[in-house]
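Letter 231 of the sequence shown, counting from 1, is numbered 232 in this note's numbering, and no numbers are missing.
Beta carbons: idealized from backbone N, C-alpha and C, even for Gly.
Predicted model only: the values in this text are computed from it and were never measured.
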Amino acid sequence: MSEPHSKPRHRRSRTALAVGVPLALTAAGTLAYGTDLGVLGSTARQASAAAPAWAADSADGFASVNSPGQNGTYGGRDGKTVTVKTQADLEKYATATEPYVIVVAGTINMNPVGKEIKVRSDKTIVGSGTSGHIVGGGFFLGQGVHNVIIRNLTIRDSYQGVWNDKDHDFDAIQMDGAHHVWIDHNDLRHMADGLIDVRKDSTNVTVSWNKLSDNNKTFGIGWTENVKTDITIHHNWIRETEQRNPSTDNAAHAHLYNNFLEDAPGTGIKSSYGNYSRGATRMVLENSLFQGVKNPVIKDSGAAVVQRGNSFSGTSGRNESGGTAFDPKAYYPYTLDKAADLPSILKSGAGPRASIGTTAAASTKAAAATTLTVAADGSGQYRTVQAAVNAVPANNPSRVVIAVKPGTYRETVKVPSNKPHVTIQGTGGSRKDTTIVYNNASGTPKPGGGTYGTGGSATVAVEADDFQARNLTISNDFDEKANQSLSGHQAVALRTAADKVFLDGIIVSGDQDTLLLDTAAKDRLGRVYVSNSYVIGNVDFIFGRATAVVDRSVITLKKRWDGTSAGYVTAPSTAANRKGILIANSTVNGDVSGGSFYLGRPWHAGGDASLDPQTTVRNTSLSAAIKSTPWTDMSGFSWKDDRFAEYKNSGAGAGSASSNRPHLTDAQAADQEVADWLAGWTPSAS
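Below you can see the structure in the form of structure tokens.
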């Protein structure tokens with residue numbers, strides 16, 4: 002039997018449209034630029050047709066105002082449209098002297114990390130659907146740069162491990178002395194310094210419909226003695242950020258409206274303040290919602306804040322107003338939404354969109370269900386499953402089915418928390434026809450340094466609620482025998498960290514730690530229902546803190562890499578007062594030695610004594626591989642102090658009740674049915 006292994010604590014990755022909105026969804030069936038851009042071809046390609054309609058869109062707010070010498074912000078609409086997939090091509094066109102509409106059609110990893118591309122005037126840089134990602138870097142707009150649009154992109158992950166680290170002063174978007182800039186419908190997160198810095202008298206800037214999250218410094222404005230900057234900030238969802246939300250220093254006119262600032266409980270980042278009017282700033286703050294934010298509105302003695310129609314929920318500390326500001330309607334027209342409506346508006350409309358339309362009415366079509374097709378041979382819309390996931394609109398309101406044609410897809414797939422209602426479904430005649438497989442392990446080195454860790458090793462990672470998978474195989478084929486020198490052989494095939502996850506008719510295959518059923522946070526409910534499926538592994542291969550049911554399924558025990566038979570079926574890390582893992586109406590079998598496997602052991606993740614791990618196995622056929630004393634201790638924690646039990650199991654591995662093999666009474670079993678675990682949720686295929 003192998004010795005107990007130590008697992009790392011699983012940590013949560015910290016990780017809207019209305020009347021007059023310039024960006025809206027087209028029919029959900031498009032879910033890409035479709036007829037606007039056609040099928041993407043070479044690495045960088047100039048469009049042979051006229052620029053798509055959205056390329057003529059222009060900014061609202063102060064970016065639309067005629068000043069100084071620039072009449073509004075329309076980006077590269079007068080130039081050619083090009084599609085880029087590499088850093089070299091992005092830099093080539095972004096730094097060119099002539100105007101361009103630059104479509105980013107994939108993930109570009111910046112080298113070196115932190116590089117900020119120096120954008121020249123008259124550019125539109127826009128993501129293709131939701132696939133345009135800039136990772137580990139961003140954009141810099143220097144003195145005099147003007148008429149720039151940055152739109153529909155995800156810019157993320159230059160964080161180097163220390164907030165306020167001046168050795169890694171990397172921003173998503175920084176401007177020093179630029180003017181007429183429109184930052185619209187982007188997802189900016191997890192950068193080393195600021196998400197947006199508007200510095201050194203930059204002016205005529207509009208920041209609209211963005212998601213700004215998972216950061217220390219969100220949005221800084223000013224850092225000059227001059228009182229010059231004119232800026233509009235509207236319809237942004239600012240979530241899990243500590244400071245500068247924004248901080249506005251010496252702005253002549255700062256108009257903030259319809260922004261949603263959220264500090265959710267139970268996360269690693271805590272707000273220190275919200276909107277800050279510094280120096281001689283004149284700020285108008287209208288119809289914004291502050292939820293759970295400390296010091297939601299503060300101002301310096303010489304600054305002004307005029308508040309109208311704002312809403313505050315669960316906030317504390319300073320909430321200030323006073324002074325004389327200005328009338329924004331003297332500069333441009335705008336329409337206000339109600340503060341109470343912002344969560345639904347922004348969760349459905351902020352951030353990158355699957356397609357750019359020209360009418361807000363088109364957004365009403367988004368509720369229709371959509372199917373995206375994946376085929377490795379190019380006969381579908383996408384060649385990889387991840388590309389299809391990327392095309393799902395953020396905060397999609399309805400079901401998106403990703404239909405995967407038969408084949409082997411060697412890739413990792415992540416369904417992020419902002420993409421609920423996704424189904425990944427194999428289209429073959431058998432669940433074996435479609436396989437998603439990769440071979441990362443906990444100790445596998447990551448390209449950027451460090452190792453993946455247990456949770457990070459997953460072939461498929463699901464962080465979005467209401468996820469479904471069916472008729473396919475998800476596998477981790479890490480070769481333990483060939484990697485004995487590697488420290489950390491945990492290799493997850495499927496990780497879920499969400500609620501209402503339905504896994505129906507699938508195979509999940511691996512060795513150690515095959516199926517990680519987790520929750521988004523220790524205090525969050527995460528229900529998982531596995532039915533009509535196969536789960537294959539050897540050590541702790543069904544584990545985690547989710548409230549999880551394995552029903553009417555086959556659990557197949559597998560020999561270790563060296564041919565020995567030894568292992569543990571479950572390793573729950575259930576929070577107190579939650580339900581853990583329930584195996585019901587199933588079969589446990591496998592070509593392993595008799596009496597060589599435990600049904601489970603208690604995983605107190607990170608040594609957390611407050612946990613109360615639970616596994617119940619009931620109405621299940623157990624092979625002779627199961628030990629007569631089926632539960633055991635782990636890492637100094639006794640299984641007898643937690644919740645492990647059986648009820649009416651059968652087969653050669655079943656046994657009578659004893660102090661070392663507790664059975665539920667009929668009365669106890671009546672409270673441990675599948676329905677008790679699902680707690681009002683009825684999984685159904687969709």
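Asked                                                                                                            : Found
Where F327 falls: helix, strand or coil (DSSP)                                                                   : coil
Which listed residue (A253, G568, S317 and L347) has its alpha carbon closest to that of T304                    : In the sequence as displayed, the identity of residue 304 is Ala instead of Thr. Nearest of A253, G568, S317 and L347 to A304, Cα basis: A253.
V386 in three-state terms, based on DSSP                                                                         : helix
Distance, W224 Cα to D177 Cα                                                                                     : 10 Å
Residue from T409, P407, N391 and G408 whose Cα sits closest to the Cα of V401                                   : N391
Contacting residues, own chain, Cβ-Cβ under 6 Å from Q673 (five flanking each side not counted)                  : T617
7 Å Cβ shell around E481 - same chain, five flanking residues per side excluded                                  : H490, D512 and W562
Reduced DSSP secondary structure (H/G/I, E/B, other) of E226                                                     : coil
Three-state class that DSSP yields for D215 in the structure shown                                               : strand
Cβ-Cβ separation, V149 to V120 (assumed contact under 8 Å), whole Å                                              : 6 Å
Spatial neighbours of A368 in its chain, beta-carbon cut-off 7 Å, leaving aside the 5 residues before and after  : Any reading at A368 needs caution, since the residue's pLDDT is 34, under 50, leaving its predicted position unreliable; the model's value is listed next. Taken in chain order, the residues that qualify are P398 and S399.
Buried or exposed (CB count within 10 angstroms, at least 16 for buried), S597                                   : buried
Selection from T428, I222 and F468 that minimises the alpha carbon distance to T436                              : T428
3-residue-minimum beta strand (DSSP E) runs that sit fully inside the region 494 to 559, ordered along the chain : 495 to 498, 502 to 505, 508 to 510, 516 to 519, 528 to 532, 535 to 538, 540 to 545, 548 to 552 and 555 to 558
L679 beta carbon less than 7 Å from that of A655                                                                 : no
Local conformation of A57 per DSSP, three classes                                                                : helix
Uninterrupted beta strand (DSSP E) stretches inside the region 124 to 178 (no shorter than 3 residues)           : 124 to 128, 134 to 136, 139 to 142, 147 to 152, 155 to 157 and 174 to 177
Beta-bridge pairing of F261 - partner residues as DSSP gives them                                                : W238 and L290
Which of helix, strand or coil DSSP assigns to P334                                                              : coil
K580 to A404 span [Cα, whole Å]                                                                                  : 33 Å
Endpoints, the beta strand (DSSP E) within which D90 is located                                                  : Segment Q88 to A95 is the alpha helix (DSSP H) holding D90; no beta strand (DSSP E) there.
Proximal residues to G323 (C-beta, below 8 Å), its chain only, five neighbours per side dropped                  : K300, A305 and V306
Whole-angstrom distance between V386 and A45, CA atom to CA atom                                                 : Summary for A45: the model assigns pLDDT 48, below 50, so the residue's position carries little reliability, and this model does not support an answer.
Same chain only: Cβ atoms within 6 Å of G139, ignoring 5 sequence neighbours per side                            : E117, I156, D172, A173 and I174
Cβ distance (whole Å) where A492 is taken to contact A572 below 8 Å                                              : Not really, about 15 Å apart at Cβ, beyond 8 Å.
Sufficient close CB pairs (3 or more, under 8 Å) joining the region 188 to 202 to the region 75 to 82            : no
Cβ distance (whole Å) where I508 is taken to contact T474 below 8 Å                                              : 4 Å
I270 - DSSP class collapsed to helix/strand/coil                                                                 : coil
Short Cβ contact (7 Å threshold) for V570 with G601                                                              : yes
Residue closest to A56, alpha-carbon to alpha-carbon, out of N650, G128, N251 and A377                           : G128
Candidates A388, Y439 and A395, of which the one nearest T409 by Cα                                              : Y439
C-beta contact flag for H236 and S214 at 7 Å                                                                     : no
Where K433 falls: helix, strand or coil (DSSP)                                                                   : coil
Same chain only: Cβ atoms within 6 Å of D198, ignoring 5 sequence neighbours per side                            : D172, Q175 and G221
Endpoints, beta strand (DSSP E) assigned at I103                                                                 : Y101 to V105
Inter-residue spacing [alpha-carbon to alpha-carbon] between T360 and D58                                        : For T360, the pLDDT reaches just 28, beneath the cut-off of 50, and the residue's location in the model is therefore unreliable, although a value from the coordinates is still provided. About 11 Å.
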